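So the protein lines, in turn, are chains A and B. Under the numbering used here, residues 1 to 139 are what the first sequence spells out, in order. Under the numbering used here, residues 1 to 326 are what the second sequence spells out, in order. Don't be surprised by glycine CBs; every beta carbon is placed ideally from N, CA and C. Just so it is clear, the structure is predicted and the values come from calculations on it, not from any experiment. All remarks here apply to the structure that follows.
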Amino acid sequence: MMKNDGKKILVVEDEAHLAKGLQFNLEREGYRVTLADNGESALELLGKEAFDLMILDIMLPKLSGLEVARKIRNRDLRFPILMLSAKSTDEDRETGLEAGADDYLTVSLARTLAEGERHSAPRGMVQGTCARSGNFSVW
Amino acid sequence: LKGAGYLEGAMGKLRTLFHPIMVFIGVQIAWIVLMAVWINWYLENNLAIKEFAQKIRPDLFTVEIQWLILFEGCFLMLLILAGVYVIFVYWNKQNRLNQMQSNFVASVSHELKSPLASIQLYLETLKYQNVTSEEEKDFVEIMLLDTQRLSGLIDNILQSSKADPQSMAMQFQPVNLGEFLAEVVKGYKRQFEEKKCIVNMKLEASPVLNLDQRALRMVFNNLISNAIRYSPVGSTLSINLHKTGKYWEVNFADQGFGFDKKDLKKIFRKFYRVQNVDTQNIEGAGLGLFISSEIVKYHKGQLKVSSPGRGRGSIFSVLLPASREV
């Protein structure tokens, strides 16, 4: 039996290396991963397919992650969005959450993923902040 | 809420009022008015002044309007005006430098963090996941590319701080330009694949020139990585080496975001970054082209750019004098 029931995650990241690393780790956890390298193609994909979760980089060409998040919330799509960025100040975090993200991660996902399997704290982290989008356990 | 909106509007107006240009215009108007008032006063009260002067010091009295004094006054006023103008120009310059510096710090720290985040992610993956030896090899290769990117950026920063003729000591040695170019391009194989970029390389000849290989590697690295970074997925990069007149010319023609005419002149400036929708979220320090053009200049060559317009690609040409041929 596969972990995480093959839930679908859309990873929007323009840095090819990061995207690939995230995809590898998420697929190892049993998720199905679709990659988009810019905000516009992510929105396009969302029009065609339903996803259980979105991991969204802030610094994207053309349409920034924040704008993408706002557009999604304006369309009234309710699924968890995790903002991903190398920026990690409280201000960045707040802007991300205001734009409609459910949580804000700095890139250290491999650990979050692996540790999440053993500890319950990271599991609660996402669960706790997803009130807006319902109860969704990611890891 | 209405109050807040009003306050914001008022603050906006206040900001416009204190904008450097508004302040400058205001100061100039104030001086000119003051000067006009003073001239007017002097002319009107000329008689009274004369009478007054006659009472105290009759020897100073002259019949004519004292044009010399009037002229001196005007001259001093003009000096003050010029002084204000100089202060304004430098103040603006300083402002712009401060702005550029903070932009630079923000973008450089992001530039440094991205490859670092990638390395961290892969190291953690190796630590926490079971990976096959093939995957491991792949990850190590990715990490090596990221370290290469990091060291390229650090090179740029170090080089930019000493990009002046005195401290930029070039070490020229005979370099086979064609072979060297092919070697640099080969190093980008993976990045080209990742962006599905097709590379057409044409070497008309392969001259041996006296060059600083390390510096020129930075030039080629900057131009190739820019072409990759500022082009959409699946575009073509044409690189060719040929002779034009007294120069050996290396062309990098991409199908990337291109430039507006107004940006063409500015892109070689230190810290300059093109601001438009296509590129606004692509990070960069604004150093690569500045350093590259300085390096090419020290080879007595030229770095040129042309673009048919925004969204229509660009061509960067490195011209190296044929007189450098060994």
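Checklist entry - Taking only beta-carbon atoms, is A117 of chain B less than 8 Å away from chain A? => result The count along the second sequence starts at 1 and reaches residue 117 of chain B at position 117. Answer yes: the Cβ-Cβ gap between A117 of chain B and chain A drops below 8 Å somewhere.
Checklist entry - Does the distance from the C-beta atom of I72 of chain A to that of L97 of chain A stay below 8 Å? => result In the first sequence, the residue the question calls residue 72 of chain A occupies position 72. In the first sequence, the residue the question calls residue 97 of chain A occupies position 97. No.
Checklist entry - Nearest to I239 of chain B by CA position, among B:E294, B:W248, B:K202 and B:K265, is which residue? => result Taking the first residue of the second sequence as position 1, residue 239 of chain B is located at position 239. Of the listed residues, the one whose Cα sits closest to I239 of chain B is B:K202.
Checklist entry - In terms of residue numbering, what span does the alpha helix (DSSP H) encompassing I29 of chain B cover? => result Sequence index remark: in the second sequence, residue 29 of chain B carries index 29 (1-based). Its alpha helix (DSSP H) spans residues P20 to E44.
Item to check | Where E194 of chain B meets chain A, residues with beta-carbon distance less than 9 Å | outcome: Start at 1 with the first residue of the second sequence, and residue 194 of chain B comes out as number 194. The answer, in chain order, is A16, H17 and K20.
Next on the checklist: Below 8 Å on C-beta distance, what does S317 of chain B contact in chain A?
Outcome noted: Residue 317 of chain B sits at position 317 when you count from the first residue of the second sequence. Ordered by position in chain A, no residue passes the 8 Å Cβ test against S317 of chain B, which lies about 26 Å from the chain.
Next on the checklist: Which residues in chain B have a C-beta closer than 7 Å to the C-beta of F24 of chain A? List them in chain order.
Outcome noted: Numbered from 1 along the first sequence, position 24 holds the residue referred to as residue 24 of chain A. Ordered by position in chain B, the residues that pass the 7 Å Cβ test against F24 of chain A are T125.
Next on the checklist: Give me the residue from B:H299, B:T236, B:Y122 and B:K300 with the minimum Cα distance to I315 of chain B.
Outcome noted: Along the second sequence, read from residue 1 onward, the residue named residue 315 of chain B stands at position 315. Cα-wise, what sits closest to I315 of chain B is B:T236.
Checklist entry - R28 of chain A touches chain B at which residues, Cβ-Cβ below 7 Å? => result Taking the first residue of the first sequence as position 1, residue 28 of chain A is located at position 28. By Cβ distance, chain B contributes Q129.
Checklist entry - Near V33 of chain A, which residues of its chain fall below 7 Å by C-beta distance, leaving aside the five closest residues on each side in sequence? => result For the purposes of this step, residue 33 of chain A is identified with residue 33 of the first sequence, where counting begins at 1. These residues qualify, in order along the chain: I9, V11, Q23, L26 and E27.
Checklist entry - When you compare each of B:N221, B:W67, B:L81 and B:E135 to L150 of chain B by their alpha carbons, which one comes out closest? => result In the second sequence, residue 150 of chain B corresponds to position 150, counting from 1. When only C-alpha atoms are compared, the closest one is B:N221.
Next on the checklist: I'd like the list of long-range same chain contacts for A16 of chain A, defined as Cβ closer than 8 Å, with 5 residues on each side in sequence excluded.
Outcome noted: The residue you call residue 16 of chain A lines up with position 16 of the first sequence. So the qualifying residues of the chain are D37.
Next on the checklist: So T95 of chain A and L66 of chain A are supposed to be a Cβ contact under 8 Å. How far apart are they, rounded?
Outcome noted: By one-based count along the first sequence, residue 95 of chain A stands at place 95. By one-based count along the first sequence, residue 66 of chain A stands at place 66. The pair is a contact, with the Cβ atoms about 6 Å apart (cut-off 8 Å).
Item to check | Contact with chain B by M59 of chain A, beta-carbon distance below 8 Å | outcome: Counted from its first residue, the first sequence places residue 59 of chain A at position 59. So yes, M59 of chain A belongs to the interface.
Checklist entry - Among B:Q94, B:P232 and B:F257, which one has its Cα closest to the Cα of K195 of chain B? => result Position 195 of the second sequence, counted from the start, is the residue given in the question as residue 195 of chain B. Closest by alpha carbon: B:P232.
Checklist entry - Start and end of the beta strand (DSSP E) containing I267 of chain B? => result By 1-based counting over the second sequence, the position of residue 267 of chain B is 267. No beta strand (DSSP E) holds I267 of chain B; DSSP gives it neither H nor E.
Next on the checklist: On the criterion of 16 or more Cβ atoms from any shown chain inside 10 Å, does E49 of chain A qualify as buried, or is it exposed?
Outcome noted: Taking the first residue of the first sequence as position 1, residue 49 of chain A is located at position 49. Exposed: under 16 other Cβ atoms inside 10 Å.
Item to check | First and last residue of the uninterrupted beta strand (DSSP E) at T147 of chain B | outcome: Within the second sequence, the letter at position 147 stands for residue 147 of chain B. Element bounds for T147 of chain B: not the beta strand (DSSP E) but the alpha helix (DSSP H), S133 to S161.
Checklist entry - Quick one: what does DSSP say L303 of chain B is sitting in, helix, strand or coil? => result What you label residue 303 of chain B is simply residue 303 of the second sequence in a count that begins at 1. DSSP places L303 of chain B in strand when its eight states are reduced to three.
Next on the checklist: Would K262 of chain B and E204 of chain B qualify as a contact pair, given that the criterion is a beta-carbon distance under 8 Å?
Outcome noted: Translated into the one-based positions of the second sequence, residue 262 of chain B becomes position 262. Translated into the one-based positions of the second sequence, residue 204 of chain B becomes position 204. No, these two residues do not count as a Cβ contact at 8 Å.
Next on the checklist: Short of 8 Å Cβ to Cβ, which residues in the region 231–265 of chain B face chain A?
Outcome noted: V233
Checklist entry - Between F18 of chain B and W31 of chain B, what straight-line distance do the alpha-carbon atoms span, to the nearest angstrom? => result As a working mapping, residue 18 of chain B is identified with position 18 in the second sequence. As a working mapping, residue 31 of chain B is identified with position 31 in the second sequence. Taking the straight line joining both Cα atoms gives about 18 Å.
Next on the checklist: Against chain A, which members of the region 176–194 of chain B pass a CB distance test of less than 7 Å?
Outcome noted: E194
Next on the checklist: For chain A, check one thing: does any of its Cβ atoms lie closer than 8 Å to the Cβ of D155 of chain B?
Outcome noted: Numbered from 1 along the second sequence, position 155 holds the residue referred to as residue 155 of chain B. Chain A, which has no Cβ nearer than 8 Å to the Cβ of D155 of chain B, makes this no.
Item to check | Opposing strand residues paired with V274 of chain B [DSSP bridges] | outcome: To locate residue 274 of chain B, count along the second sequence from 1; it is residue 274. According to DSSP, which records beta bridges pairwise, V274 of chain B is partnered with nothing at all.
Next on the checklist: For the ligand SAM, I want to know if F316 of chain B counts as a neighbour, meaning its beta carbon is within less than 7 Å of at least one of the ligand's heavy atoms.
Outcome noted: As for the ligand SAM, it is missing from this structure, which has no ligand bound.
Checklist entry - Below 8 Å between beta carbons: does that hold for Y247 of chain B and L320 of chain B? => result The residue given as residue 247 of chain B occupies position 247 in the second sequence. The residue given as residue 320 of chain B occupies position 320 in the second sequence. Contact flag set, yes.
Checklist entry - For M83 of chain A, which of helix, strand or coil comes out of DSSP? => result Translated into the one-based positions of the first sequence, residue 83 of chain A becomes position 83. The answer is strand: DSSP assigns M83 of chain A an E or B state.
Next on the checklist: So D37 of chain A contacts chain B; which residues on that side make the cut at Cβ distance below 8 Å?
Outcome noted: Here the question's residue 37 of chain A lines up with position 37 in the first sequence. Within chain B, the residues near D37 of chain A are V233.
Item to check | Residue from B:V175, B:S161, B:P115 and B:G152 with nearest C-alpha to I142 of chain B | outcome: Within the second sequence, numbered from 1, the residue matching residue 142 of chain B stands at position 142. Nearest of B:V175, B:S161, B:P115 and B:G152 to I142 of chain B, Cα basis: B:P115.
Next on the checklist: As a quick exercise: from A:R78, A:R75, A:M59 and A:G6, pick the residue whose alpha carbon is nearest that of L84 of chain A.
Outcome noted: The residue you call residue 84 of chain A lines up with position 84 of the first sequence. With distances taken between Cα atoms, L84 of chain A lies closest to A:M59.
Checklist entry - Within the 8 Å Cβ cut-off, does D146 of chain B reach chain A? => result By 1-based counting over the second sequence, the position of residue 146 of chain B is 146. Yes, its Cβ sits closer than 8 Å to a Cβ of chain A.
Checklist entry - So L216 of chain B packs on I295 of chain B, CB below 8 Å; how close in whole Å? => result Position 216 of the second sequence, counting from 1, holds the residue named residue 216 of chain B. Position 295 of the second sequence, counting from 1, holds the residue named residue 295 of chain B. Going by Cβ atoms, the distance from L216 of chain B to I295 of chain B rounds to 7 Å, so yes, they are a contact pair.
Checklist entry - Based on Cα-Cα distance, which residue from B:P20, B:I291 and B:S306 lies nearest to V89 of chain B? => result If you number the second sequence from 1, residue 89 of chain B lands on position 89. Among B:P20, B:I291 and B:S306, the Cα nearest to that of V89 of chain B is on B:P20.
Checklist entry - What did DSSP end up calling F259 of chain B once you bin it into helix, strand or coil? => result Indexing the second sequence from 1 puts residue 259 of chain B at position 259. F259 of chain B falls in the coil class under three-state DSSP.
Checklist entry - Taking only beta-carbon atoms, is S151 of chain B less than 8 Å away from chain A? => result To locate residue 151 of chain B, count along the second sequence from 1; it is residue 151. No, its Cβ sits nowhere closer than 8 Å to a Cβ of chain A.
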